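Undergrad:
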Amino acid sequence: MTFSPIMFARHSKANSAVINSLQASNNHVVIDFSGTEASVFLSNILGHDLTKLTASGLGLIGTLDGDFNSGYSYAVYCFSETAFRFILPHCASLQLQALINEQQLRYDIDYVMRTDLASFILSGSNAFDSIVEAFKLTPGLRLSDAQLCYGTQSGDVFITAINKNDQQQFVLVAKTPELQKWQEYMQAQGFALIQGAAA
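Residue numbering for the sequence shown follows our numbering, beginning at 1010 and increasing consecutively.
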């Protein structure tokens, strides 16, 4: 029997939040994006340098309004040359959908709104170790570029590492019953629940 480790990453230059917290987010939207010209669209229309995405799961932080800290910023993760996943605030998702719809005649692209998925944000000094232990991940990737992000699938949960305002954060995405189970688990590990919509 061969063991295939599930790699995970964190940002080497990002700070950890002082308080271990879990922020329930009903503001994030997940869009699965695909097509034979998906990478061309991302490069030409959204201005991404996809040469940075050298492995499945690597992603880029982008913005639709020029401000990486606004409600129009997003993370896009690469699964293959033709399959990507966006995680972004609701207002940004509306703008991105309009942009994709506008470009669908020029490019072979399509998207699926993953209304079946929900998310929460984990942060704090214990966040990385708690995620690695809970999901049996192998810590091995260090992200030195704040514009890079990383996501991996462990069972039914998609787990990401992002640098938000020079702070290391982890977003967990899953169907609501599964996510609720992990939210309760992380609260039992000492992560304080913070209510509110996170951008």
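Beta carbons: idealized from backbone N, C-alpha and C, even for Gly.
Computed from a predicted structure; not experimentally measured.
Within 10 angstroms of its Cβ, does ALA1084 collect 16 or more other Cβ (buried), or is it exposed?
TA: Classification for ALA1084: buried.
Undergrad: Spell out the partners DSSP gives PRO1098 in its beta bridges.
TA: DSSP lists HIS1037 as partners of PRO1098.
Undergrad: I'd like the ranges of any beta strand (DSSP E) spanning at least 3 consecutive residues and lying wholly in the segment 1104 to 1140.
TA: Listed in chain order, they are 1119 to 1122 and 1126 to 1132.
Undergrad: Considering only their Cβ atoms, is the gap separating ALA1170 from ALA1018 smaller than 8 Å?
TA: Against a cut-off of 8 Å, the Cβ pair of ALA1170 and ALA1018 comes out as a contact.
Undergrad: Does the Cβ-Cβ distance between LEU1055 and CYS1158 come in under 8 Å?
TA: Result no, Cβ atoms of LEU1055 and CYS1158 do not sit closer than 8 Å.
Undergrad: Under the rule that 16 or more other beta-carbon atoms within 10 Å means buried, what is ILE1130, buried or exposed?
TA: Per the 10 Å Cβ criterion, buried.
Undergrad: Evaluate the contact criterion for the segment 1177 to 1194 versus the segment 1159 to 1169: three or more CB pairs, one atom per stretch, below 8 Å.
TA: Output reads yes: the segment 1159 to 1169 touches the segment 1177 to 1194.
Undergrad: Which residue comes first and which comes last in the beta strand (DSSP E) that contains ASN1172?
TA: Counting along the chain, the beta strand (DSSP E) containing ASN1172 begins and ends at 1166 to 1173.
Undergrad: Report the rounded CA-to-CA distance for SER1079 versus GLU1142, giving the unit in angstroms.
TA: Distance between the alpha carbons of SER1079 and GLU1142 is about 32 Å.
Undergrad: Is the segment 1093 to 1113 close to the segment 1039 to 1052, with three or more CB pairs under 8 Å?
TA: Contact between the segment 1093 to 1113 and the segment 1039 to 1052 is present, because at least three Cβ pairs lie under 8 Å.
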